[in-house]
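Mapping the sequence shown onto our numbering, position 525 (from 1) lands on 527, and the numbers just tick up by one.
Report on one structure; see the data block that follows.
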Amino acid sequence: MPLGKKLRPSSATAKLESHAVTSILDEIHTSAAKVPVLQRASTALGGRRTAAHPLVSNGRRESHDQSHTYPEWLEKELLKWKQRSYSIGLAENIAENENVQYHGDPTRSLRKGKIEQHVTLEHLQKLKAAFEEFESRERKFLDEQSFKQIVKKCLGLRTASDEQIGELFMKIDYSAKGAVQWDAFCTYMQLEYTEKEESSARLKEVAFTLPATIKEISHGEPVLRICSTPDNNFIIVREDGTIYFYTSELKLKWCRAVFEKTVNRKPKWITDYTIMTHYNKFILGTGDREIQLYELSTFEPYCQISGLETVPLRLDYCLTGPDECMILYGDDKGCVNILQLTSVGETLRTWKKLPKAENLPNIGIENAALSPNVTYVRWKVHEDWVTQLKYYDSITAVISSSNHEPTGLVIGCTVGGTNIEQQLKEVKDSGKEGKGRRGLGAPGLPQKRSEDDQTVFRVYKGVKTFSFCKTNNLLVTGGMDRTIRMWNPYVPGKPTGLLRGHTAPVVFLQIVMEDKRIFSVSTDSNVKIWDIQDQTCLFTANPKASRIRGDITACHYAPGVKALCIATDSIALLSLKIKPQPQSDQLVSHKEPVLCCGFNKAFRQVVSCTEGSAIKVWDLESGKQVFEFGGAHGDSAITCMTFDTSGRRLVTGGRDGCLKIWNYNNGHCLRILRPVDSSEEVCDCTYVEMNKNRYIMSVGWDRRINIYSDSVNDLYHIQGPQPYWQDDLKRGHKEDILCISQCPPTLLATSSYDGEIIVWNMVSGHIYCRLHTPTSTECRSTKSAEKNVNKVVFLKTRALKLQSAASLVSCGPQGSVNFWNLFNGGRLFATLKESRVKFGISTLTVNKDDTSLYVADHAGFVYVYNISSYSLHGPEVESPKNTNHWRAHLSTVTSLKLIEEDRVLLTSSTDCTVRLWSMDGEFIGTFGQPEPWALFTSASWKHPMIPYEILIDPLSMPVHPLLEHDESDMQISNPTQHEENNKKSSTKPELNISQRLSQLNTTDDDIKQEIESHTYPQILGKRLQHERFRNLNKPLNHGGPNAYHTLKYYDLVNPPFVCEKPDLSAAGTDPFIHYHEDNDSV
């Protein structure tokens, strides 16, 4: 029952209606999906008024939402929301109450969505007819009001609000002309969905590291099979019984021959092998119709099963229960042979005690089948030899394949179902023979499964290889016809998909569900990677690129190292290119460091740009991703960004030396701005409107201020800058310009790497004043003194009004912040030194009324200062009051954006995250987190929690006040004695040389001075303690015997314990105190 729908007895018929509600939480889940109605009390002026708030924008629940569990905070807020009653007393309070509703609706952030996501082909046809109707009336352009009417009429979305339609209009009308055409609407829709498709393809990009790692092996018999161990090593076996043990980097650890070479006897050859991981055994199938078992750790012979009816071509092993397992093999007669063992450990130990044959304890298959702990089953499945065999415990069935077309692949049970008629027939047959045999089948008498016990797949030209995944019920087959078929294992009639692209028979297939990919290898050494969802080829490695030569004899995919091992005349390892992933416990917004971000007030969206040239658009009110497009500046990083005055276009600058103007809602590049003869990195940019003209200004490594005109009538896609200012050419910066900031209407400030700040008059292009950042004594004493000023901010309320106040704030060296007065040539009014861990300042910002200063450093800390009256009437000596500080990120904070109308702070960092905080430092969330937030509902915020990676970082730990001073342990524990020692030391006589040598010791000051004499990269080394901790806690490697396995042990004698009476005469002595007193007396 929805929260807003209240049922009451009918006043006309006086009938009482009751409805059963099992739980109020059930009510909440229903109401969250349907239409909660806010009911207001009826009043004389306002009357009864309702407002609908559907959780989904199309007014109906989708199928995938039925099982969706809403956040706990939403359930609590809906409970509160239901209990509230809204009333409108006076007409003049209606607007104010609607504002309360806007901020108080907890489902608002979850209901926001794009209207264009619900546009179908039928809707497009209706919209086209409506646009043509307007054109027939000689109205080629539609204004916003007409556009809203058409969209509402054609789409038929009852819950579509004017706000959502207005946002769509602004996205199409990116130039802010106030009118749109049908062509513009179609272009926007096409580009948006094209970019979404390309974005999805970029997420699925995968490739091998080419060429492959090649390891040459000695000339000999072909490799039969490759397996990987749990510690990501490779076991490779040849036909002649030679076993190689390689590391994951293809480094040979050891090599051993299982069979001894004899002169008078033909050597044995191996057909296949598998590993009994749980019992530490190695199983071999031989051409002499034997199954041999070896110790896996030492490869010493253990036992063998001989006298098989056929040659075991394919082997498999599976643990089916506690001390129960299954050994399977497929033979050259198309039979699937199954040995089910119970009490495995006892059975194998019994077999080991049997008489030896050829240096191996031997048991015949007939005797093994008669064992009480063994059940032997033999099924006649195929009419050709078995090419692959695998038992899957998830479906309790065995899958086998052959080149026989009618029985290309068969999924069958192991022991068969209950068939009374068949069992009676078997009993009669066994009675005629005079003796019975144990098991469903005996050696020499293969049985056929009933039709109900198996599923047969008829595959053209048979199946050479297959792979199965129970998670998605996906079965893939490949063979001589070069086509990969995708099957539903329960529908054998027709494949669900065909993957074509190989030009030779497919010999290997592997499904990797973690990445939703299929790996395939063909006999011509072509390796392909397929996407399961799209059924498309993502990557192909041909022999020329991979350098794999020769006939392929074995393949294996190792998920632990994400590599494909291929055996030909040599061993090749194809490793997947893996992008550096963040730590598993760290939630990130991007895969690359975020270099800049901004807030768009028009759409209430956050835009972030990364070092990988990717741009993401986020919804401010929920933190969910709205749109994404990559490759904005090719492979170059995006270093800066800004919006135009309408907020409909995005301007980005990159390391490729150019600026680009975007309609960022669909990823359409509208214009490229770049100098003609330069491609130096752009460090910062800003959008300026002056004298009804609009300009984009950028600065960077070319040491010039580039000014580009932004005119709607400019038809050139690539545009160059206007002529440089004369003062910029003659008296401008001598080093790279790092920052630019404007103060309307006339002032512009730029700062450079050498610490110089120049304030310009934008109207005339002349220099207003020149400021030089002072260098502290600490900087002058070090060789690597940095003077760069990477951020300047105007205090706009003071800049043109108060001549005696500081009106410009800039970053300084050694974590300082400088306040400048711009009148009378400019001078330094105050210097603020504040960084909790003595890191440099990375960025800063101020609020609109210039009362609060927000500063961030390279360690990720954010500091807040009250500067409402600071340096307002002249220079200041003291620092402003620090009202708050917290750690927002692990590394350098690249952007600080205040959104004062919502009282929140937006931050981005090189730790790949974009986060939202309240202006008081309360953590709201990280953009891209699984659970969205509601900006106006504090219960949905992460506060009082903080990001886990910040919590465990050593730099986040609080510092005790005593540790901030240069005092030793003795000074802290005994301050009075320390003062007396200082008095005695002041009256000490001069010591001779021998006495001086005896007094030489290392103090805390000496250690500190020695540490400070070495320069360490603070920013890169701050996670060293955490990394060392992780390395120390790695799991031990139990691959083989270590030194402690061979240690001898001895029994310890337990002597009687005698307690002696202590000497009380020494109770008052303390040798350490006497030692210090003796030193002081000297």
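Don't be surprised by glycine CBs; every beta carbon is placed ideally from N, CA and C.
Specify, as a first and last residue, the run of the beta strand (DSSP E) that residue i falls within.
{"i": "Trp-620", "result": "617-621"}
{"i": "Phe-796", "result": "794-796"}
{"i": "Glu-1", "result": "A query on residue 1 cannot be resolved here, the shown segment of the chain reaching from 3 to 1084 and no further."}
{"i": "Ala-832", "result": "829-835"}
{"i": "Thr-389", "result": "388-394"}
{"i": "Val-412", "result": "411-414"}
{"i": "Gly-600", "result": "596-602"}
{"i": "Phe-171", "result": "Note, Phe-171: premise wrong, no beta strand (DSSP E); alpha helix (DSSP H) at 164-174."}
{"i": "Lys-662", "result": "661-665"}
The alpha helix (DSSP H) with residue i in it runs from where to where?
{"i": "Tyr-950", "result": "950-954"}
{"i": "Leu-157", "result": "146-157"}
{"i": "Ile-307", "result": "Per DSSP, Ile-307 belongs to no alpha helix (DSSP H); it is in the beta strand (DSSP E), 303-308."}
{"i": "Asn-715", "result": "Looking at the DSSP string, Asn-715 is not in any alpha helix (DSSP H), and its letter there is neither H nor E."}
{"i": "Val-346", "result": "346-354"}
{"i": "Ile-367", "result": "367-371"}
{"i": "Glu-137", "result": "123-138"}
Just mark residue i as buried or exposed, buried being the case when its beta carbon has 16 or more other beta carbons within 10 Å.
{"i": "Gln-535", "result": "exposed"}
{"i": "Leu-511", "result": "buried"}
{"i": "Leu-112", "result": "Its pLDDT being 48, under 50, Leu-112 is placed unreliably by the model, and the measurement read from it follows with that caveat. With 16 or more other Cβ atoms within 10 Å, it is buried."}
{"i": "Gly-180", "result": "exposed"}
{"i": "Trp-256", "result": "exposed"}
{"i": "Ala-774", "result": "With the sequence shown as reference, residue 774 is identified as His, and Ala is not the correct amino acid for it. His-774 is exposed by the Cβ-count criterion."}
{"i": "Leu-918", "result": "buried"}
{"i": "Val-678", "result": "exposed"}
{"i": "Arg-240", "result": "buried"}
{"i": "His-719", "result": "exposed"}
{"i": "Gly-1041", "result": "Any reading at Gly-1041 must be qualified, since the residue scores a pLDDT of 46, below 50, and its modelled position is unreliable; the value itself is stated next. Classification of Gly-1041: exposed, given that the 10 Å Cβ count is below 16."}
{"i": "Lys-736", "result": "exposed"}
{"i": "Gln-728", "result": "exposed"}
{"i": "Leu-898", "result": "buried"}
Relative to the C-alpha of residue i, which candidate in the options has its C-alpha closest?
{"i": "Val-417", "options": "Leu-295, Ile-698, Asp-454", "result": "Asp-454"}
{"i": "Ser-452", "options": "Phe-468, Val-857, Cys-415", "result": "Cys-415"}
{"i": "Asp-533", "options": "Glu-292, Leu-846, Leu-501", "result": "Leu-501"}
{"i": "Val-461", "options": "Gly-410, Gly-927, Ser-743", "result": "Gly-410"}
{"i": "Lys-850", "options": "Leu-900, Ser-893, Val-714", "result": "Leu-900"}
{"i": "Gly-347", "options": "Pro-269, Thr-377, Leu-578, His-280", "result": "His-280"}
{"i": "Met-921", "options": "Leu-855, Ile-869, Ser-871", "result": "Leu-855"}
{"i": "Ile-843", "options": "Arg-657, Ser-230, Glu-951, Asn-790", "result": "Asn-790"}
{"i": "Met-278", "options": "Cys-305, Cys-320, Gly-243, Tyr-246", "result": "Cys-320"}
{"i": "Asp-704", "options": "Asn-364, Asn-693, Asp-729, Gly-734", "result": "Gly-734"}
{"i": "His-670", "options": "Leu-129, Gln-127, Pro-303, Glu-200", "result": "Glu-200"}
{"i": "Gln-588", "options": "Gly-930, Ala-634, Asn-823, Trp-822", "result": "Gly-930"}
{"i": "Val-819", "options": "Ala-861, Gln-805, Ser-881, Val-761", "result": "Ser-881"}
Between the alpha carbons of residue i and residue j, how many angstroms are there, rounded?
{"i": "Thr-479", "j": "Glu-368", "result": "35 Å"}
{"i": "Ala-131", "j": "Gly-600", "result": "39 Å"}
{"i": "Gln-724", "j": "Phe-541", "result": "46 Å"}
{"i": "Ser-610", "j": "Trp-664", "result": "14 Å"}
{"i": "Asn-339", "j": "Asp-333", "result": "8 Å"}
{"i": "Ser-154", "j": "Lys-603", "result": "According to the sequence displayed, residue 154 carries Lys and not Ser. If I take the Cα positions, the gap works out to 25 Å."}
{"i": "Gly-876", "j": "Phe-831", "result": "7 Å"}
{"i": "Asn-528", "j": "Lys-546", "result": "9 Å"}
{"i": "Asp-290", "j": "Gln-306", "result": "12 Å"}
{"i": "Leu-834", "j": "Gln-119", "result": "51 Å"}
{"i": "Thr-752", "j": "Ala-801", "result": "15 Å"}
{"i": "Lys-268", "j": "Pro-303", "result": "20 Å"}
{"i": "Ser-404", "j": "Tyr-296", "result": "29 Å"}
{"i": "Arg-316", "j": "Ile-413", "result": "16 Å"}
Fill in: Any 3 or more C-beta pairs closer than 8 Å across the segment 466-483 and the segment 506-519
yes
Practice prompt. Could you say if the segment 617-626 and the segment 931-940 meet the contact criterion of at least three C-beta pairs nearer than 8 Å?
Written response: yes
Worksheet item: Is there contact here, the segment 222-241 with the segment 552-570, by at least three beta-carbon pairs under 8 Å?
Response: yes
Worksheet item: Between the segment 797-805 and the segment 766-774, do three or more beta carbon pairs fall short of 8 Å?
Response: no
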